[in-house]
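To start, the structure under review is shown below, and the notes come after it.
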Amino acid sequence: MSKELIFKGKAVTLADMLRAREDRSLRQGKLLTEFSNESLLSVTMNIPGPIKTSPALLEVFDSVIKAILEKLSGNQISYQLRLLPKTGYEYYLVTALDSQALKLKMIELEADLPIGRLMDLDVLVLTNQLPTPISRTALGFPPRSCYLCSKEAKVCSRNRSHSVADMQTALVHLLQSFFDGDNQLS
């Protein structure tokens with residue numbers, strides 16, 4: 561799979577991304593309010609650069625949704641929503657499963673998936689009326705590592721430790737392994 565195929569899509573601007581982040585937060589808040597006694601999972605992808613969607617990325621995203629549903633089989637699912645904006649794919653799932661138990665299952669899934677580092681599998685709760693993700697560290701797990709250097713991902717992101725081109729090259733290698741493996745997620 562070539563870099564050109566993976567990053568073949570519509571470019572987005574910073575303003576587009578900020579608007580999408582705000583919309584996502586509002587949607588999460590509404591879902592947490594509507595389903596106040598249940599747990600919310602919000603799924604997005606970590607895609608570097610201005611192109612966040614393509615047929616190849618959608619195939620990966622949908623494969624991860626399938627893996628999530630398999631991981632949660634036997635648990636009541638009250639609500640699902642799959643959105644495909646140009647700013648990046650989004651998936652929301654509401655389940656009766658306890659939020660900490662759901663987060664533990666998502667941490668397991670991230671570790672099991674060869675492409676787990678590309679995904680944000682956020683379990684959210686309302687804190688002071690704001691959607692807040694349950695952190696890995698709150699459950700005794702280390703912070704997520706960067707898929708380039710294995711340092712803490714948030715530190716690399718904040719410091720802009722890696723170029724977009726380097727991150728895209730690493731992503732291409734991860735996705736190449738995914739596609740060469742006949743889309744096997746485990």
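The letter at position 55 of the sequence shown is residue 615 when you use the numbering used here, and the numbering goes up by one with no holes.
Each residue gets a CB set at the ideal place from its N, CA and C atoms; glycine is no exception.
Only a predicted model underlies this, so the values are computations on that prediction, with no experimental measurement involved.
Could you tell me how far apart the beta carbons of residue i and residue j are, in whole angstroms, since I believe they sit closer than 8 angstroms?
{"i": "residue 580", "j": "residue 687", "result": "Contact doesn't hold; Cβ gap of about 22 angstroms is too wide."}
{"i": "residue 572", "j": "residue 610", "result": "6 angstroms"}
Which residue's Cα is closest to the Cα of residue i: the options?
{"i": "residue 567", "options": "587, 674, 616 and 704", "result": "616"}
{"i": "residue 733", "options": "605, 674 and 699", "result": "674"}
{"i": "residue 667", "options": "708, 603 and 650", "result": "603"}
{"i": "residue 741", "options": "665, 577 and 620", "result": "620"}
{"i": "residue 669", "options": "625, 650, 697 and 693", "result": "625"}
{"i": "residue 641", "options": "735, 634 and 629", "result": "629"}
Using a Cβ-Cβ cutoff of less than 6 angstroms, which residues in the same chain neighbour residue i once the five nearest sequence positions on both sides are dropped?
{"i": "residue 746", "result": "Because the pLDDT of residue 746 is 47, which lies under 50, any placement of that residue in the model is unreliable, and the question is left without a value."}
{"i": "residue 707", "result": "677 and 730"}
{"i": "residue 565", "result": "616"}
Determine, using beta carbons only, whether residue i and residue j come nearer to each other than 8 angstroms.
{"i": "residue 701", "j": "residue 639", "result": "no"}
{"i": "residue 691", "j": "residue 681", "result": "no"}
{"i": "residue 656", "j": "residue 598", "result": "yes"}
{"i": "residue 713", "j": "residue 720", "result": "no"}
{"i": "residue 665", "j": "residue 631", "result": "yes"}
{"i": "residue 512", "j": "residue 696", "result": "Outside the displayed range of the chain (561 to 746) lies residue 512, so it cannot be described from this structure."}
{"i": "residue 563", "j": "residue 728", "result": "yes"}
Exposed or buried, residue i, counting other C-beta atoms within 10 Å across all chains shown (16 or more means buried)?
{"i": "residue 613", "result": "buried"}
{"i": "residue 654", "result": "buried"}
{"i": "residue 592", "result": "buried"}
{"i": "residue 724", "result": "exposed"}
Cutting at 8 angstroms between CB atoms, please list the residues of its own chain near residue i, excluding the five before and the five after it.
{"i": "residue 588", "result": "600, 602, 652, 684 and 691"}
{"i": "residue 658", "result": "599"}
For residue i, which residues of its own chain have a beta-carbon under 7 angstroms away from its beta-carbon, when the five flanking residues on both sides are left out?
{"i": "residue 737", "result": "674"}
{"i": "residue 577", "result": "647"}
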